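Q:
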Amino acid sequence: MSQKIKDATIPSIPTKARISRWFGRNMLRIYMLFGFTYLFIPVAYTFVFSFNDSGKSNLIWKGFTLSNWQNPCGAPEVCNALGNSIKIGFLATLFATILGTMIAFAIGRYKFKGRSGSNLLIFLPMATPEIVLGASLLSLFLVFKINPGFWPTVFAHVTFCISFVVVTVKARIASLDPRLEQAAMDLYANEFETFRRVTLPLVAPGIAGAALLAFSLSFDDFIITNFNSGTLITFPKFVYISAARGIPAQANVIGSAMFFLALAIVIAIQLVNRKKAR
Amino acid sequence: MKIGKARVPYLLLLPGFAFLFTFFILPIINLAQTSTQTPVAGGDTGEYEQSFAFSNYINAFVDNREQFGRSFLYATLATIFALAIAYPLAYAIAFKSGKFKNILLVLVVAPFFTSFLLRTVAWKQILGEEGFVVPTLRSLHVISEQTTLTSTAFAVVAGMTYNFLPFMTLPLYASLERIDPRTIEAAGDLYANGLTTFRRVTVPLSMPGVVAGTLLTFIPAAGDYVNAAILGSPNTKMIGNVIESRYFKIVDYPTAAALSFTLMAAILILVTLYIRKAGTEELV
Chain B
1 MSQKIKDATI
11 PSIPTKARIS
21 RWFGRNMLRI
31 YMLFGFTYLF
41 IPVAYTFVFS
51 FNDSGKSNLI
61 WKGFTLSNWQ
71 NPCGAPEVCN
81 ALGNSIKIGF
91 LATLFATILG
101 TMIAFAIGRY
111 KFKGRSGSNL
121 LIFLPMATPE
131 IVLGASLLSL
141 FLVFKINPGF
151 WPTVFAHVTF
161 CISFVVVTVK
171 ARIASLDPRL
181 EQAAMDLYAN
191 EFETFRRVTL
201 PLVAPGIAGA
211 ALLAFSLSFD
221 DFIITNFNSG
231 TLITFPKFVY
241 ISAARGIPAQ
251 ANVIGSAMFF
261 LALAIVIAIQ
271 LVNRKKAR
Chain G
279 MKIGKARVPY
289 LLLLPGFAFL
299 FTFFILPIIN
309 LAQTSTQTPV
319 AGGDTGEYEQ
329 SFAFSNYINA
339 FVDNREQFGR
349 SFLYATLATI
359 FALAIAYPLA
369 YAIAFKSGKF
379 KNILLVLVVA
389 PFFTSFLLRT
399 VAWKQILGEE
409 GFVVPTLRSL
419 HVISEQTTLT
429 STAFAVVAGM
439 TYNFLPFMTL
449 PLYASLERID
459 PRTIEAAGDL
469 YANGLTTFRR
479 VTVPLSMPGV
489 VAGTLLTFIP
499 AAGDYVNAAI
509 LGSPNTKMIG
519 NVIESRYFKI
529 VDYPTAAALS
539 FTLMAAILIL
549 VTLYIRKAGT
559 EELV
């Protein structure tokens with residue numbers, strides 16, 4: 001009896017109800033579409049305006065040109081700032097990755113007195129607002145009569161990158177299967193050899209990920225850099241300074257190029273991982 | 279255990295902790311010292327001496343209580359909006375995206391490879407007078423001729439919401455992804471409807487992600503001054519803007535130091551209370 005009623009009612013569902021049911025079923029999908037549109041609006045805007053034939057100020061669309069992409073150093077300050085950012089990012093990443101990885105091994109691998117205190121010391125720089133980190137470093141440099149500039153900026157970047165390296169590498173160490181190392185020891189590898197041939201290769205992807213994270217944090221940092229760089233101009237600082245009178249389109253070229261480069265790196269990593277998993 | 283072995287962790291920690299001591303602990307101690315200094319009588323601008331003037335703190339707070347209030351208000355609003363936007367997004371990626379999961383996750387992070395400042399400037403131009411949004415809304419009479427979108431509190435909060443969104447989305451995704459789908463099936467078997475399952479099973483299990491995400495959004499937002507500088511007006515100045523101008527424009531280091539310290543203390547107290555309340559102490 002009830003079956004009959006159901007069959008009879010299906011075709012007569014009013015359109016309104018059908019639409020609302022469709023919305024109910026696809027609500028999350030529609031939401032995702034809106035969410036991703038929101039996320040990508042400024043990226044798309046930056047990309048589109050990198051083709052603007054704009055002259056000095058890139059505020060209004062004046063016509064399509066490829067010249068900004070063909071000559072990204074057409075505004076020399078842009079390339080100069082980019083060069084500084086890359087140099088600082090490279091050095092900060094190098095130091096932070098080495099120091100952070102050592103700390104991660106100590107905390108991740110050993111039980112020792114002061115371990116929870118060590119964890120706290122790693123957590124604190126992440127919980128401190130950037131402006132406090134930047135301001136406190138600047139006042140230290142001023143006390144020791146060190147002029148803000150290239151190296152103070154590098155050290156400032158290492159300071160906030162270390163914690164992120166430790167957290168990333170520590171997570172990788174924690175996920176290792178201890179039996180692999182035991183097996184190496186059982187096969188008469190000594191401690192050093194086990195570390196070099198088993199532990200380190202297994203942790204390496206975590207270290208690489210941490211280095212990438214450190215570089216992107218350093219490259220994109222503005223607040224701490226602004227406090228400690230003096231007259232040195234980095235890429236984010238250049239954008240900030242020229243924001244009022246409009247940034248040259250070459251800055252958009254560099255921003256878009258960074259976007260595609262980073263996207264390519266992430267996709268390449270995913271593909272390699274998938275191959276390995278097979 | 280060998281005796282030599284006990285030294286290994288300390289040797290590993292030594293270089294990194296020496297670095298953090300020099301460039302993190304010492305500066306913070308130094309900042310505390312600076313915060314109670316007063317100008318040298320008859321000295322140049324920027325010359326200060328220690329006089330343990332704790333009144334600096336009271337003066338700094340009273341003079342800037344408006345900006346303090348604004349910083350915490352804007353940061354709270356940005357955190358709530360980011361949570362509202364990121365939770366469904368993270369939920370959809372974790373449960374409804376099938377084999378596209380990794381691609382969608384990359385797409386969430388991808389916008390943040392374009393420089394933070396470039397994106398903020400892009401928002402300023404999109405929402406500005408010369409952009410397409412304001413003229414369109416005006417011609418549709420949604421907003422009046424005088425209304426602007428930039429140089430408002432709305433723009434500052436919107437900018438912060440956007441800029442800190444991945445800090446919210448990633449921890450949320452991480453904790454939602456870890457939920458065993460069988461717990462959700464079990465709720466259904468026990469006659470819970472979709473909403474009840476979500477409220478009583480999914481949300482409680484994702485709480486570590488909610489706590490981590492709100493902290494990672496709130497802390498940088500409360501200390502931020504870039505969004506307020508680019509998207510705001512003098513009426514939307516936050517405490518970060520005050521600290522910046524005290525350092526660079528007015529060369530008033532003690533006030534800037536006192537403000538920085540007050541900001542850090544306020545954030546630490548709020549964070550501690552919040553973690554207590556949320557009951558997840560495994561974060562640290």
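Protein sequence lines, in the order shown, are assigned to chains B and G.
Numbering-wise, the numbering used here puts 62 at position 62 of the first sequence, and it's gapless, one number per residue.
Numbering-wise, the numbering used here puts 551 at position 273 of the second sequence, and it's gapless, one number per residue.
Backbone N, C-alpha and C fix where the C-beta goes; we use that ideal spot for every residue, glycine too.
Note that the structure is predicted; figures quoted are calculated from it, not measured.
Ends of the beta strand (DSSP E) at Y326(G)?
A: Translated into the one-based positions of the second sequence, residue 326(G) becomes position 48. First-last of the beta strand (DSSP E) with Y326(G): Y326 to Q328.
Q: Can you have a look at D177(B) and say buried or exposed, based on whether 16 or more other CB atoms are within 10 angstroms of its CB?
A: Start at 1 with the first residue of the first sequence, and residue 177(B) comes out as number 177. D177(B) should be labelled exposed.
Q: Taking only three categories from DSSP, how would you classify N52(B)?
A: For the purposes of this step, residue 52(B) is taken as the residue at position 52 of the first sequence. Strand.
Q: Cβ of V384(G) less than 7 Å from any chain B Cβ?
A: Here residue 384(G) refers to the residue found at position 106 of the second sequence. Interface residue, yes.
Q: Against chain G, does F40(B) count as a neighbour if the rule is that its beta carbon must be under 7 Å from one of theirs?
A: For the purposes of this step, residue 40(B) is identified with residue 40 of the first sequence, where counting begins at 1. It does; some Cβ of chain G falls within 7 Å.
Q: Short of 8 Å in beta carbon distance, which residues of its chain neighbour K379(G), apart from the five on each side in sequence? Order them along the chain.
A: In the second sequence, counting from the first residue as 1, residue 379(G) sits at position 101. If we look at K379(G) and ignore the five residues flanking it on each side, its Cβ neighbours are I371 and A372.
Q: Got a sec? Which residues, its chain only, sit under 6 Å from T533(G) by beta carbon, not counting five neighbours each side?
A: Translated into positions along the second sequence, residue 533(G) becomes position 255. Cβ neighbours of T533(G) beyond the five flanking positions: A338 and R524.
Q: Let me know the beta strand (DSSP E) ranges lying completely inside the region 318-372 of chain G, each 3 residues or longer, listed in chain order.
A: With a minimum length of 3 residues, the continuous beta strand (DSSP E) runs that stay inside the region 318-372 of chain G are 326-328.
Q: Using a Cβ-Cβ cut-off of less than 8 Å, give me the residues of the region 308-331 of chain G that come near chain B, in sequence order.
A: Listed in sequence order: N308, L309 and T312.
Q: By Cβ distance below 6 Å, which residues in the same chain neighbour A431(G) in space, the five residues on each side in sequence not counted?
A: What you label residue 431(G) is simply residue 153 of the second sequence in a count that begins at 1. Within the same chain, A431(G) has close Cβ partners T514.
Q: Using a beta-carbon distance cut-off of less than 8 Å, what residues from the region 518-538 of chain G approach chain B?
A: Within the region 518-538 of chain G, the residues whose Cβ lies closer than 8 Å to some Cβ of chain B are G518, I521, E522, Y525, Y531, A534, A535 and S538, listed in chain order.
Q: Tell me which same chain residues have a C-beta within less than 6 Å of the C-beta of K4(B), skipping the five on either side of it?
A: Residue 4(B) sits at position 4 when you count from the first residue of the first sequence. With a pLDDT of 49 at K4(B), under the threshold of 50, the predicted position of this residue should be treated as unreliable, though the coordinate-derived value follows. Same-chain partners within the cutoff: there are none.
Q: Note down, in chain order, all residues in the region 59-90 of chain B with a beta-carbon under 8 Å from any beta-carbon belonging to chain G.
A: Those residues of the region 59-90 of chain B that come within reach of chain G (Cβ to Cβ, closer than 8 Å) are L59 and I60.
Q: Which whole-angstrom value describes the C-beta separation of S429(G) and G510(G), a residue pair presumed to lie in contact below a C-beta threshold of 8 Å?
A: Residue numbering aside, residue 429(G) sits at position 151 when the second sequence is read from its first letter. Residue numbering aside, residue 510(G) sits at position 232 when the second sequence is read from its first letter. About 6 Å separates the two Cβ atoms, so the contact holds.
Q: Rank L304(G), P459(G), G376(G) and M446(G) by C-alpha distance to the C-alpha of A490(G) and give the top, closest one.
A: Here residue 490(G) refers to the residue found at position 212 when the second sequence is read from its first residue. It is M446(G) whose Cα lies nearest to the Cα of A490(G).
Q: Per DSSP, Q315(G) forms a beta bridge with which residues?
A: Taking the first residue of the second sequence as 1, we reach residue 315(G) at position 37. DSSP lists Q328(G) as partners of Q315(G).
Q: Under 8 Å by Cβ, that's how I've got L493(G) and V549(G) pegged, so tell me the actual separation to the nearest angstrom.
A: Numbered from 1 along the second sequence, position 215 holds the residue referred to as residue 493(G). Numbered from 1 along the second sequence, position 271 holds the residue referred to as residue 549(G). About 6 Å separates the two Cβ atoms, so the contact holds.
Q: Bridge partners for F64(B) per DSSP, in chain order?
A: Here residue 64(B) refers to the residue found at position 64 of the first sequence. DSSP, once it has assigned bridges, lists N52(B) as partnering F64(B).
Q: Which whole runs of the alpha helix (DSSP H) in the region 124-180 of chain B are 4 residues long or more, in chain order?
A: You should have 130-143 and 150-174.
Q: If we ignore side chains and look at the alpha-carbon of each, how far apart do R437(G) and P366(G) end up?
A: The residue labelled residue 437(G) in the question sits at position 159 within the second sequence. The residue labelled residue 366(G) in the question sits at position 88 within the second sequence. In the sequence under discussion, the amino acid at residue 437(G) is Gly, which differs from the Arg named in the question. Looking at the two C-alpha atoms, the distance is approximately 20 Å.
Q: Would a C-beta distance cut-off of 7 Å place V154(B) and A210(B) closer than the cut-off?
A: Here residue 154(B) refers to the residue found at position 154 when the first sequence is read from its first residue. Here residue 210(B) refers to the residue found at position 210 when the first sequence is read from its first residue. No, the Cβ-Cβ distance between V154(B) and A210(B) is not below 7 Å.
Q: Run the CB neighbour count on K16(B), radius 10 Å, all protein chains shown included, and call it buried at 16 or more, exposed below.
A: Counting from 1 along the first sequence, the entry for residue 16(B) is found at position 16. Exposed, by the Cβ-count rule.
Q: Would N334(G) and A536(G) qualify as a contact pair, given that the criterion is a beta-carbon distance under 7 Å?
A: Numbered from 1 along the second sequence, position 56 holds the residue referred to as residue 334(G). Numbered from 1 along the second sequence, position 258 holds the residue referred to as residue 536(G). Result yes, Cβ atoms of N334(G) and A536(G) sit closer than 7 Å.
Q: Helix, strand or coil: how does DSSP classify Y503(G) here?
A: Locating residue 503(G) in the second sequence gives position 225, where the first residue counts as 1. Correct three-state label for Y503(G): coil.
Q: Can you give me the Cβ contacts of A353(G) inside the same chain, cut-off strictly under 6 Å, excluding the 5 residues immediately before and after it?
A: Translated into the one-based positions of the second sequence, residue 353(G) becomes position 75. Around A353(G): F496, A499 and A500.
Q: Could you pull out every residue in the same chain whose Cβ sits closer than 7 Å to the Cβ of A507(G), ignoring the five residues on either side in sequence?
A: Against the second sequence, residue 507(G) aligns to sequence position 229. These residues qualify, in order along the chain: N519.
Q: What residues from chain A crowd round V412(G), counting only those whose CB sits closer than 7 Å?
A: Here chain A cannot be found, since the structure's protein chains are B and G.
Q: Less than 7 Å between CB atoms is the rule here; does K4(B) satisfy it with respect to chain G?
A: In the first sequence, counting from the first residue as 1, residue 4(B) sits at position 4. Low per-residue confidence applies at K4(B): pLDDT is 49, beneath 50, and the placement is therefore not dependable enough to give any value.
Q: Please confirm whether T357(G) and A331(G) have their CB atoms less than 7 Å apart.
A: For the purposes of this step, residue 357(G) is taken as the residue at position 79 of the second sequence. For the purposes of this step, residue 331(G) is taken as the residue at position 53 of the second sequence. No. Outside cutoff.
Q: Give the secondary structure of L291(G) by DSSP, where H, G and I count as helix, E and B as strand, and everything else as coil.
A: By one-based count along the second sequence, residue 291(G) stands at place 13. Three-state DSSP puts L291(G) in a helix.
Q: How about the region 413-421 of chain G and the region 465-473 of chain G: do they share at least three Cβ pairs that are nearer than 8 Å?
A: Because the criterion of three Cβ pairs below 8 Å is not met, the region 413-421 of chain G and the region 465-473 of chain G do not touch.
Q: Under the rule that 16 or more other beta-carbon atoms within 10 Å means buried, what is F565(G), buried or exposed?
A: Lying before the first or after the last residue shown, residue 565(G) is absent from chain G, which here runs from 279 to 562.
Q: Determine the extent of the alpha helix (DSSP H) in which C79(B) is found, giving its start and end residues.
A: One-based indexing of the first sequence puts residue 79(B) at position 79. Per DSSP, C79(B) belongs to the alpha helix (DSSP H) from P76 to R109.
Q: Can you give me the Cβ contacts of F64(B) inside the same chain, cut-off strictly under 6 Å, excluding the 5 residues immediately before and after it?
A: Counted from its first residue, the first sequence places residue 64(B) at position 64. F51, listed in sequence order.
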